[in-house]
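Novice:
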Amino acid sequence: MRLFRAIDGFFFRSDSATSFGLMRAVWAAAVFFTMLLRSNNITRFYSETGMLPAAVQPLILRQDHLFGILQWVSDPQGVLAIYVILLLSCIVMFFGIYARASTIISVLLFFSFNERNPLILGGGDTVLRVVGLLLIIAPSIHAFSLPRLGKQWRLWSKKRTLLPPLTMPAWPRILLLWQLIVLYSTSLWDKMYGDMWWQGTAVAATLHQGQFSRLPWDWVTPFVVLSAPLTWGTTLFEAMWLLLLIPRPVARFLPWKSPAALKRLLIIGGIIFHGSIFLFMEVGSFSGAMFTAYIGLITQEDIEAIRRWWNSPKKKREHSIAILYDGHCGLCQRSVFAMQLFDAFHRITPVDYHNLAQRQKVAPHLRLQDLDRAMHIKLSDGRMYRGFDAMRVLTWHLPVFWLVAPFLYIPGIPQLGRLFYARIAARRILCKHGDCRF
Amino acid sequence: MTARRAPHTAPKRNARASSRLLSGKKRLPTVVGHTIIILFCVWHMATVAIYSIPTDGNGIAQTVRFKLLPIIRPYILTLSQWQQWNLFSPNPLRRVTTFHLDVQQGTTWVPLKSFDPRQESAWNKDTYMLKALITFDSNDELYNSSLLALMRSYCISDLIPQGTTLRMRRDYYIVPHDKEPVSEWLKGPPASESKPDLLTRCP
Numbered sequence: 479m480r481l482f483r484a485i486d487g488f489f490f491r492s493d494s495a496t497s498f499g500l501m502r503a504v505w506a507a508a509v510f511f512t513m514l515l516r517s518n519n520i521t522r523f524y525s526e527t528g529m530l531p532a533a534v535q536p537l538i539l540r541q542d543h544l545f546g547i548l549q550w551v552s553d554p555q556g557v558l559a560i561y562v563i564l565l566l567s568c569i570v571m572f573f574g575i576y577a578r579a580s581t582i583i584s585v586l587l588f589f590s591f592n593e594r595n596p597l598i599l600g601g602g603d604t605v606l607r608v609v610g611l612l613l614i615i616a617p618s619i620h621a622f623s624l625p626r627l628g629k630q631w632r633l634w635s636k637k638r639t640l641l642p643p644l645t646m647p648a649w650p651r652i653l654l655l656w657q658l659i660v661l662y663s664t665s666l667w668d669k670m671y672g673d674m675w676w677q678g679t680a681v682a683a684t685l686h687q688g689q690f691s692r693l694p695w696d697w698v699t700p701f702v703v704l705s706a707p708l709t710w711g712t713t714l715f716e717a718m719w720l721l722l723l724i725p726r727p728v729a730r731f732l733p734w735k736s737p738a739a740l741k742r743l744l745i746i747g748g749i750i751f752h753g754s755i756f757l758f759m760e761v762g763s764f765s766g767a768m769f770t771a772y773i774g775l776i777t778q779e780d781i782e783a784i785r786r787w788w789n790s791p792k793k794k795r796e797h798s799i800a801i802l803y804d805g806h807c808g809l810c811q812r813s814v815f816a817m818q819l820f821d822a823f824h825r826i827t828p829v830d831y832h833n834l835a836q837r838q839k840v841a842p843h844l845r846l847q848d849l850d851r852a853m854h855i856k857l858s859d860g861r862m863y864r865g866f867d868a869m870r871v872l873t874w875h876l877p878v879f880w881l882v883a884p885f886l887y888i889p890g891i892p893q894l895g896r897l898f899y900a901r902i903a904a905r906r907i908l909c910k911h912g913d914c915r916f
Numbered sequence: 377m378t379a380r381r382a383p384h385t386a387p388k389r390n391a392r393a394s395s396r397l398l399s400g401k402k403r404l405p406t407v408v409g410h411t412i413i414i415l416f417c418v419w420h421m422a423t424v425a426i427y428s429i430p431t432d433g434n435g436i437a438q439t440v441r442f443k444l445l446p447i448i449r450p451y452i453l454t455l456s457q458w459q460q461w462n463l464f465s466p467n468p469l470r471r472v473t474t475f476h477l478d479v480q481q482g483t484t485w486v487p488l489k490s491f492d493p494r495q496e497s498a499w500n501k502d503t504y505m506l507k508a509l510i511t512f513d514s515n516d517e518l519y520n521s522s523l524l525a526l527m528r529s530y531c532i533s534d535l536i537p538q539g540t541t542l543r544m545r546r547d548y549y550i551v552p553h554d555k556e557p558v559s560e561w562l563k564g565p566p567a568s569e570s571k572p573d574l575l576t577r578c579p
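Line by line, the protein sequences are chains X and U.
Taking the numbering used here, the leading residue of the first sequence gets 479, the next gets one more, and so forth.
Taking the numbering used here, the leading residue of the second sequence gets 377, the next gets one more, and so forth.
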């Protein structure tokens, strides 16, 4: 009985479903672009007039346990119609509209295309297929969706609070993690049958292989001395995924302390590894598919660990930011709502300045007239910013804006930004339902 | 009014269900449901792992895979979960092949389409077509019929008259072997060799 409870706890412990919801959206985007890259050759790849007509199929493809709509639809127009349905379905799935139905349709159609012509498939397609099945069967994949955003907004506009994160049992994430361990360990296993991975020449040979390499031959040759460390580094990275099988009680005594901490290190290593593959080699959707799978591995524990690390007092970062906004203005409410959604590090505390008690706590010295002219923010060290400058500071605290943040310092941009901000702030009362006339 | 963020807590319903199970008071349908899901997970994990065992070797693992294949194959294939992670292994591919499709006009051959990875832009390679051609190149006997079908597909897309002869030229070179010293790379790509041309007619 105790064993059953332990097993049940392992597979059914509750965790956040947000990362699986995000994985759903990224999977849909990855499949959309993967299939879009084949648009020039859809009928050539998948129809009766292409490389695998009915007469040729039995010579090359397996004929048993073969399902998929393209086994029945083979004329070019029909194949094109199904291709368009797949693309549209991926768009709907990306936004999470009818999340379960759109996921099932997209995944099954993607399976159909994969089964109809496996000759063009790469590792990325396989990763997307195995992740696709998990998305079909995992609960709560409607996290991170447009309908849920609507619910969030309705609750926020009434009660100024967000919904609690959706949860799901651990088993879909366990299956995903197992899949990645199998992928890396069997990939390593197969490499051990060759000799180039032992000798350290595999990376140099691959980067000289014109079919995959993005670099001209002459550019690669001066760097062949790096081949051995890179080749052995690759095998070491793949081997390290096996360490995730060490049980938590034993892992406590190892340098990384817990499997979760090791997993986070491996994900960071994987982003560098697959990112480098993407930069230097043309291997189809493989890197994108691996990033998609990594997203699904992120648990609430990981998110909180990253948050703790990022907000650690040693880093001397501002840990809380009060935003004083106009709670009577629709545009301001929506802006603050959006910022709170993007607030991955939980730093923002929105304060409606019409609430006297709250305002007195945060900024007693500010007059209502000043607050009415622009949004103000107050950092934990007491510094205050207003208008465009406040927005610019906030971009450093909201990860989705990190790429934009440096551009806001380019000479000329702040002046334009302040002008534009003042114009919007002055006319914000005219904005109804997000529709502003400037 | 200060906006609040809902704390991350497992829903009470889940917490109650979990505590009921731990105290042995969990409802029967939930226990049965959990058992089925756990058994499914174990089965799925086992089948995926067994199916992924590399086929390159000849050891006990491969024998086990071969013996269990009839049991796991229907599940893996039906759910489209087939996978072999022989990524750049056992050794990376060293053969680089270029393909040129020509159309016969009178007594001359006019180039119609060229698949040369070295000539394509680094960020705009025709990845999927190249993948197919690499597959074709790996086993002429097995894939010739498919390669001929691919050649004929250009008759339709490029409106080539019925009966016109098409030719596929294939040149290849092998990236130097691993045991060669670094100086081999410095010499640049080796000279290409040619495979016999493939000929077909537009239907």
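Just so it is clear, CB atoms sit at the ideal spot from N, CA and C, and this is done for glycine as well.
In whole angstroms, give me the CA-to-CA distance for X/Leu740 and X/Asp859.
Specialist: Numbered from 1 along the first sequence, position 262 holds the residue referred to as residue 740 of chain X. Numbered from 1 along the first sequence, position 381 holds the residue referred to as residue 859 of chain X. Approximately 35 Å, taken between the alpha carbons.
Novice: Pick helix, strand or coil for X/Ser492, following the three-state DSSP scheme.
Specialist: For the purposes of this step, residue 492 of chain X is taken as residue 14 along the first sequence, with counting starting at 1. Correct three-state label for X/Ser492: strand.
Novice: Does any C-beta atom of chain U lie closer than 8 Å to the C-beta of X/Phe751?
Specialist: Your numbering for residue 751 of chain X matches position 273 in the first sequence. No - not a single Cβ of chain U is within 8 Å of the one on X/Phe751.
Novice: Name the two residues that bound the continuous beta strand (DSSP E) containing X/Pro647.
Specialist: Along the first sequence, one-based indexing puts residue 647 of chain X at 169. Where X/Pro647 is concerned, the enclosing beta strand (DSSP E) stretches over Thr645 to Pro647.
Novice: Check whether the Cβ of X/Arg516 lies closer than 8 Å to any Cβ atom in chain U.
Specialist: Counted from its first residue, the first sequence places residue 516 of chain X at position 38. True, the Cβ-Cβ gap to chain U drops below 8 Å.
Novice: Using the rule of at least 16 other Cβ atoms within 10 Å of the residue's Cβ for burial, across every protein chain shown, is U/Gln471 buried or exposed?
Specialist: Stepping through the second sequence from its first residue, residue 471 of chain U is reached at position 95. Reading the sequence as shown, one finds Arg at residue 471 of chain U and not Gln. It is exposed - the Cβ of U/Arg471 has fewer than 16 other Cβ atoms within 10 Å.
Novice: On the CB-based measure, 16 or more other CB atoms within 10 Å of its CB, does X/Val562 come out buried or exposed?
Specialist: What you label residue 562 of chain X is simply residue 84 of the first sequence in a count that begins at 1. So X/Val562 ends up on the exposed side.
Novice: Does DSSP put U/Leu574 in a helix, a strand or coil?
Specialist: Start at 1 with the first residue of the second sequence, and residue 574 of chain U comes out as number 198. Reduced to three states, the DSSP call for U/Leu574 is strand.
Novice: DSSP puts U/Phe475 in a beta bridge; with which residues?
Specialist: Mapped onto the second sequence, residue 475 of chain U falls at position 99. Answer is U/Phe491 and U/Arg546.
Novice: Could you give the DSSP three-state label for X/Glu779: helix, strand or coil?
Specialist: As a first step, residue 779 of chain X is located in the first sequence; it is residue number 301 there, counting from the start. Reduced to three states, the DSSP call for X/Glu779 is helix.
Novice: If you count every other CB in all the chains shown that lies within 10 Å of the CB of U/Asn515, and 16 or more means buried, which is it?
Specialist: Counting from 1 along the second sequence, the entry for residue 515 of chain U is found at position 139. With fewer than 16 Cβ atoms within 10 Å of its Cβ, U/Asn515 is classed as exposed.
Novice: Runs of 3 residues minimum, wholly inside the segment 830-878 of chain X: which ones carry the beta strand (DSSP E) assignment?
Specialist: DSSP runs (the beta strand (DSSP E)) wholly in the segment 830-878 of chain X: 854-857 and 862-864.
Novice: DSSP three-state label for X/Ser944, please.
Specialist: There is no way to answer for residue 944 of chain X, as the model of chain X reaches only from 479 to 916.
Novice: Since X/Ala503 and X/Gly602 should fall inside the 8 Å C-beta cutoff, what is the C-beta to C-beta distance between them, to a whole number of angstroms?
Specialist: As a position in the first sequence, residue 503 of chain X is number 25, starting the count at 1. As a position in the first sequence, residue 602 of chain X is number 124, starting the count at 1. Not quite, the Cβ-Cβ distance comes to about 17 Å (not below 8 Å), so this is no contact.
Novice: Checking 8 Å against the spacing of the C-beta atoms, do X/Leu653 and U/Cys417 come in under that value?
Specialist: The residue given as residue 653 of chain X occupies position 175 in the first sequence. The residue given as residue 417 of chain U occupies position 41 in the second sequence. Yes, the pair counts as a contact, with Cβ atoms nearer than the cut-off.
Novice: Where does X/Glu526 sit, in a helix, a strand or coil, going by DSSP?
Specialist: Start at 1 with the first residue of the first sequence, and residue 526 of chain X comes out as number 48. Looking at X/Glu526 - three-state DSSP - the assignment turns out to be coil, as it is neither helix nor strand.
Novice: Could you check the C-alpha separation between X/Leu481 and X/Ala729 for me, to the nearest Å?
Specialist: As a first step, residue 481 of chain X must be located in the first sequence, where it is residue number 3. As a first step, residue 729 of chain X must be located in the first sequence, where it is residue number 251. Spanning the two alpha carbons is a distance of roughly 20 Å.
Novice: U/Leu398 to X/Arg483, Cα distance in whole Å?
Specialist: Translated into positions along the second sequence, residue 398 of chain U becomes position 22. Translated into positions along the first sequence, residue 483 of chain X becomes position 5. Caution applies to U/Leu398, whose pLDDT of 49 falls short of 50 and renders its modelled position unreliable; the value that the coordinates give is listed next. Straight-line Cα distance between these residues: approximately 6 Å.
Novice: State buried or exposed for X/Asn518, treating a residue as buried only when at least 16 other CB atoms are found within 10 Å of its CB.
Specialist: Translated into positions along the first sequence, residue 518 of chain X becomes position 40. Counting Cβ neighbours within 10 Å, X/Asn518 comes out exposed, since fewer than 16 surround it.
Novice: X/Arg825 and X/Leu802: beta carbons closer than 8 Å?
Specialist: For the purposes of this step, residue 825 of chain X is taken as residue 347 along the first sequence, with counting starting at 1. For the purposes of this step, residue 802 of chain X is taken as residue 324 along the first sequence, with counting starting at 1. Their beta carbons are not under 8 Å apart, which means X/Arg825 does not touch X/Leu802 by this criterion.
Novice: Tell me whether U/Thr431 sits in a helix, a strand or coil according to DSSP, three-state version.
Specialist: Taking the second sequence and counting its residues from 1, one reaches residue 431 of chain U at position 55. DSSP places U/Thr431 in coil when its eight states are reduced to three.
Novice: Which residues does DSSP list as the beta-bridge partners of U/Val486?
Specialist: Your numbering for residue 486 of chain U matches position 110 in the second sequence. BP columns for U/Val486 point to U/Val479.
Novice: Helix or strand or just coil, what does DSSP make of U/Glu569?
Specialist: For the purposes of this step, residue 569 of chain U is identified with residue 193 of the second sequence, where counting begins at 1. Strand at U/Glu569.
Novice: Have a look at X/Trp695, X/Ser798, X/Gly805 and X/Ala495 and flag the residue whose alpha-carbon is nearest the alpha-carbon of U/Gln495.
Specialist: Against the second sequence, residue 495 of chain U aligns to sequence position 119. Closest by alpha carbon: X/Trp695.
Novice: Rounding to the nearest angstrom, what Cα-Cα distance links X/Trp649 and X/Phe490 in this structure?
Specialist: Stepping through the first sequence from its first residue, residue 649 of chain X is reached at position 171. Stepping through the first sequence from its first residue, residue 490 of chain X is reached at position 12. Between X/Trp649 and X/Phe490, the C-alpha separation is close to 6 Å.
Novice: Where does U/Leu397 fall in DSSP's three states?
Specialist: Numbered from 1 along the second sequence, position 21 holds the residue referred to as residue 397 of chain U. Its pLDDT being 49, under 50, U/Leu397 is placed unreliably in this model, and the coordinates cannot settle the point.
Novice: Fully enclosed by the segment 550-611 of chain X, which alpha helix (DSSP H) runs are 4 residues long or longer?
Specialist: You should have 554-573 and 577-594.
Novice: Do X/Val761 and X/Phe690 come within 8 Å of each other at the CB atom, strictly closer than that value?
Specialist: Numbered from 1 along the first sequence, position 212 holds the residue referred to as residue 690 of chain X. Numbered from 1 along the first sequence, position 283 holds the residue referred to as residue 761 of chain X. Cβ atoms of X/Phe690 and X/Val761: closer than 8 Å.
Novice: Would you say X/Gly893 lies against chain U (beta-carbon separation less than 8 Å)?
Specialist: Position 415 of the first sequence, counting from 1, holds the residue named residue 893 of chain X. Looking at the sequence itself, residue 893 of chain X is Gln, so the reference to Gly does not match. X/Gln893 does not count as touching chain U.
Novice: How big is the Cα-Cα spacing for X/Ile547 and X/Asn595?
Specialist: Residue 547 of chain X sits at position 69 when you count from the first residue of the first sequence. Residue 595 of chain X sits at position 117 when you count from the first residue of the first sequence. X/Ile547 and X/Asn595: Cα-Cα distance of roughly 13 Å.
Novice: Out of X/Ile582, X/Gln555, X/Trp505 and X/Asn592, which has the shortest C-alpha to C-alpha gap to X/Phe545?
Specialist: In the first sequence, the residue the question calls residue 545 of chain X occupies position 67. That would be X/Asn592, whose Cα lies nearest to the Cα of X/Phe545.
Novice: What span of residues does the beta strand (DSSP E) with X/Ile801 cover, start to end?
Specialist: Locating residue 801 of chain X in the first sequence gives position 323, counting from the first residue. Ile799 to Tyr803 is the span of the beta strand (DSSP E), which, as asked, contains X/Ile801.
Novice: Taking buried to mean at least 16 other C-beta atoms within 10 Å of its own C-beta, is U/Val440 buried or exposed?
Specialist: Along the second sequence, read from residue 1 onward, the residue named residue 440 of chain U stands at position 64. Flag for U/Val440 reads exposed.
Novice: For X/Thr679, which three-state DSSP category applies?
Specialist: The residue labelled residue 679 of chain X in the question sits at position 201 within the first sequence. Reduced to three states, the DSSP call for X/Thr679 is coil.
Novice: Can you list, in chain order, the residues of its chain with a C-beta nearer than 7 Å to that of X/Thr713? Leave out the 5 residues immediately preceding and following it.
Specialist: As a first step, residue 713 of chain X is located in the first sequence; it is residue number 235 there, counting from the start. Cβ within range, chain order: Leu666, Lys669 and Trp675.
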